[in-house]
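Participant: Below you will find the structure I want to go over with you.
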Amino acid sequence: MLDQAELGVDLEVIQRLRRTLALILAGGRGSRLMDLTDWHAKPAIPFAGKFRIIDFALSNCINSGIRRIGVLTQYKAHSLLQHIQRGWGFLRGEFNEFIELLPAQQRTEGGNWYRGTADAVYQNLDIIREHRPEHVLILAGDHVYKMNYAKMLAQHLTSQADVSVACIAVPRALATGFGVMAIDEHDRIVRFDEKPANPAPMPGHPDMALASMGIYIFNASLLFDLLETDSSFAGSSHDFGKDVIPSLIGTHRVVAHHFSESCVMHDGAQEHYWRDVGTIDAYWEANIDLTTVTPSLNLYDESWPIWTDQPQVPPAKFVFDSDHRRGMAVDSLLAGGCIVSGATVRRSMLFSNVRVNSYCLVEDSVILPNCDIGRHARLKNCIVDQGVVVPPGLVVGEDAELDARRFHRTEKGITLVTAAKLKALETVEP
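Residues 1 to 430 in full-length UniProt numbering are what the sequence shown lists, from first letter to last.
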C-alpha cells in the first residue's frame, strides 16, 4: 500500500479510504466484442499479454489504499470468478481487507437477476450495510486505465459533495455512448444526459463533450436511500447513469471530478489514458499500442503496478537461426510460455502459451492464450481467440473480401479468427 505522501493526500483522506467500500460492476457481456465474449464476461477478457481487463480496476483500488472491495458478477462469470479467486486472494481478512464476490442471486422479493447497474448494488444492500462504509466507490470492471481514487475521494470531501462523478473530455462524435454532463464554475454538475443523440459541447471546445467514466463516489447513507427509492419506481431502468444520477441534479450536490486530476501518468506522458475496449477495433488498437516504443499506457511503472493471476510457465523461447527459418519477434510483446519456432512476429501481442510454428508470419496481430499457429500461416491485422489451432497455410489479412466471407471483419479491417469459424471452413472448403 502506498503511503500518504505517495498518494498525494492528507491523513484524514487515508483514514476515510479505510472506511470506503469499492464495488466493481463486472456482470456485463460486452456484446460488441462479438465471439470473444461468447463464454466469458467482458471484464475477464485477456489484455496486454498477461492481464485481464478487471485487473486495472482492482489494481487501482489496491494502489489507492482501498482494500474493501466487492465484485458484482452475472453473465458467464466462471472464468472471472476463477481468476479473482486464484490471483486476488492476498488480502488479509483479519485486517478487514477483502475482495468479496457478489454474483447475481435473486436476493430481492421479485426474484430478478440484476436488471441494471443500480439494481445490482440494491440487491446486495444487506451485505453492503454489514460493512458499514462511510463512502461507496462505484466502478466499472471493463475499462483500462490507471487512476488514484484517493485524490477523487479527497476532492469529494473538500467539495462537500453528496455524489462525485469522474469525467473525461471525449470527441462529441463519440459521446453518444456516454453520460454527458454540463458543469458550473465550481465543477457542480448542472445537467446530465445519458447517451444523448446530440451531446452538449464543452464551453470553448465545440467539438468535445464532458463524459462520465462510470466512476462514482456516494455518501453511503444517501446511496442506500436512493437505491431503496429507485427499486420501488416502476418506470426506472434501475441504472446509475440513466436514472439515479439525473434524478439528483438540482436537488443534491453532485460534483464532477476531472480525470486529469487523478490519472496516474509516467514522466513525459501526453495523454490521460482511459480506454473502453468494448469493440473489436478498440480492443485491437489498445493491445497493439502497447507494442510501440513509448506506449500511451505505461505497464513498467513500479510505483503503480498492475496485479494479476498468471500461469506458472517458462520464459518465451525463440528457436532456429538460418536465413530461411529464423525465430524472431520485433516491436512485439510475448508472454511466458510462448515459442516462436522458425517464424517471424512483428508489431504483435502474444499472450501466454502461444506457439508460432516454422515459416509463419504474424504481423499487427493479437494472439490470445493457448493458440497454435500452423506452419506457413500468414496472419495480419487480426485477433485470434483463445485456444485456436490455426491450420497450416491459412492466410488472413491479405484479401479483405475473402476474410469477410470466412470470419468477422470490422470496417477498419481487423479480422476475428475463432475456433467456430475455422470449424465451419472445414465443411465449406476442400
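All C-beta atoms, glycine included, are put in the ideal place defined by N, C-alpha and C.
This structure is a prediction, so every number in the text was calculated from the model and none was measured.
Please report the residue range of the beta strand (DSSP E) in which GLY30 lies.
Facilitator: GLY30 -> no beta strand (DSSP E), and no H or E assigned at all.
Participant: Using alpha carbons as the reference points, say which of ASP267, TYR216, ALA234, PHE47 lies closest to ASP289.
Facilitator: Measuring from the Cα of ASP289, the nearest candidate turns out to be PHE47.
Participant: So if DSSP puts GLU97 in a beta bridge, which residue, or which two residues, is it bridged to?
Facilitator: GLU97 is not bridged to any residue.
Participant: Measuring only the C-alpha atoms, how far is LEU248 from THR291?
Facilitator: LEU248 and THR291: Cα-Cα distance of roughly 43 Å.
Participant: Check ILE288 in the structure and name its three-state DSSP category.
Facilitator: DSSP places ILE288 in helix when its eight states are reduced to three.
Participant: Any chance you could list the beta strand (DSSP E) runs of at least 3 consecutive residues sitting entirely within the region 369 to 419, in chain order?
Facilitator: The region 369 to 419 contains these whole beta strand (DSSP E) runs: 378 to 380, 382 to 384, 415 to 417.
Participant: Relative to the C-alpha of HIS257, which residue among ILE168, PHE233, ALA234 is closest?
Facilitator: Of the listed residues, the one whose Cα sits closest to HIS257 is ILE168.
Participant: First and last residue of the beta strand (DSSP E) that includes PRO171?
Facilitator: Unbroken beta strand (DSSP E) run through PRO171: 163 to 171.
Participant: For SER59, report the span of its beta strand (DSSP E) as first-last.
Facilitator: It is not in any beta strand (DSSP E) - SER59 instead sits in the alpha helix (DSSP H) that spans 54 to 64.
Participant: Over what stretch of residues does the beta strand (DSSP E) that includes HIS257 continue unbroken?
Facilitator: From DSSP, the beta strand (DSSP E) with HIS257 extends over 254 to 258.
Participant: Can you name the start and end residues of the beta strand (DSSP E) that HIS135 belongs to?
Facilitator: Where HIS135 is concerned, the enclosing beta strand (DSSP E) stretches over 135 to 140.
Participant: DSSP three-state call for PHE320: helix, strand or coil?
Facilitator: Note: PHE320 maps to coil in three-state DSSP.
Participant: Using CA coordinates, which residue listed in LEU102, ILE339, ARG253, ILE306 is at the minimum distance from MET147?
Facilitator: Answer by Cα proximity: ILE306.
Participant: How many Å lie between GLY241 and GLY179 at the Cα?
Facilitator: One C-alpha to the other measures close to 6 Å.
Participant: Would the beta-carbon of VAL255 fall within 9 Å of that of VAL163?
Facilitator: Yes, Cβ-Cβ distance for VAL255 and VAL163 is below 9 Å.
Participant: Just grab the DSSP bridge partners of THR20 for me.
Facilitator: In the DSSP output, where bridge partners are listed per residue, THR20 has HIS135.
Participant: I need the DSSP call for PRO103, collapsed to helix, strand or coil.
Facilitator: It is a strand residue.
Participant: For THR344, count neighbouring C-beta atoms within 10 Å of its own C-beta (all shown protein chains included) and say buried if the count is 16 or more, exposed if not.
Facilitator: THR344 comes out buried.
Participant: Work out the CA separation of TRP274 and SER236 for me, nearest whole Å.
Facilitator: Their Cα atoms are separated by approximately 29 Å.
Participant: What's the C-alpha gap between PRO206 and PHE98?
Facilitator: Computed Cα separation, rounded: 44 Å.
Participant: Since MET265 sits in a beta bridge, which residues does DSSP pair it with?
Facilitator: DSSP output for MET265 lists no bridge partner at all.
Participant: Cutting at 7 Å between CB atoms, please list the residues of its own chain near VAL313, excluding the five before and the five after it.
Facilitator: The residues are GLY336, GLY337, SER352, ASN353.
Participant: Could you check the C-alpha separation between ALA22 and ALA57 for me, to the nearest Å?
Facilitator: If you take the alpha carbons of ALA22 and ALA57, they lie about 10 Å apart.
Participant: Taking only three categories from DSSP, how would you classify VAL190?
Facilitator: If DSSP states are grouped into helix, strand and coil, VAL190 belongs with the strands.
Participant: Distance check for VAL390 and ALA150, CA to CA, integer angstroms please.
Facilitator: Distance between the alpha carbons of ALA150 and VAL390: 46 Å.
Participant: Grouping DSSP H, G and I as helix and E and B as strand, with all else coil, what is ILE215?
Facilitator: Three-state DSSP puts ILE215 in a strand.
Participant: Assign ILE54 to one of two classes, buried (16 or more other C-beta atoms within 10 Å of its C-beta) or exposed (fewer than that).
Facilitator: The residue is buried, with at least 16 neighbouring Cβ atoms inside 10 Å.
Participant: Reducing DSSP to helix, strand and coil, say where GLY177 ends up.
Facilitator: Correct three-state label for GLY177: helix.
Participant: As a quick exercise: from LYS317, THR20, TRP88, ASP35, pick the residue whose alpha carbon is nearest that of THR308.
Facilitator: Here the closest residue by C-alpha is TRP88.
Participant: Could you spell out the range, first to last residue, of the beta strand (DSSP E) harbouring GLU363?
Facilitator: Residues 361 to 363.
Participant: Where DSSP assigns a beta bridge to TYR145, which residues make up the other side?
Facilitator: Answer is TRP274.
Participant: Considering only the alpha carbon of each residue, which of ILE84, LEU334, HIS408, LEU227 lies closest to ARG32?
Facilitator: Here the closest residue by C-alpha is HIS408.
Participant: Check whether the Cβ atoms of VAL340 and MET349 lie closer than 9 Å to each other.
Facilitator: No, the pair does not count as a contact, with Cβ atoms beyond the cut-off.
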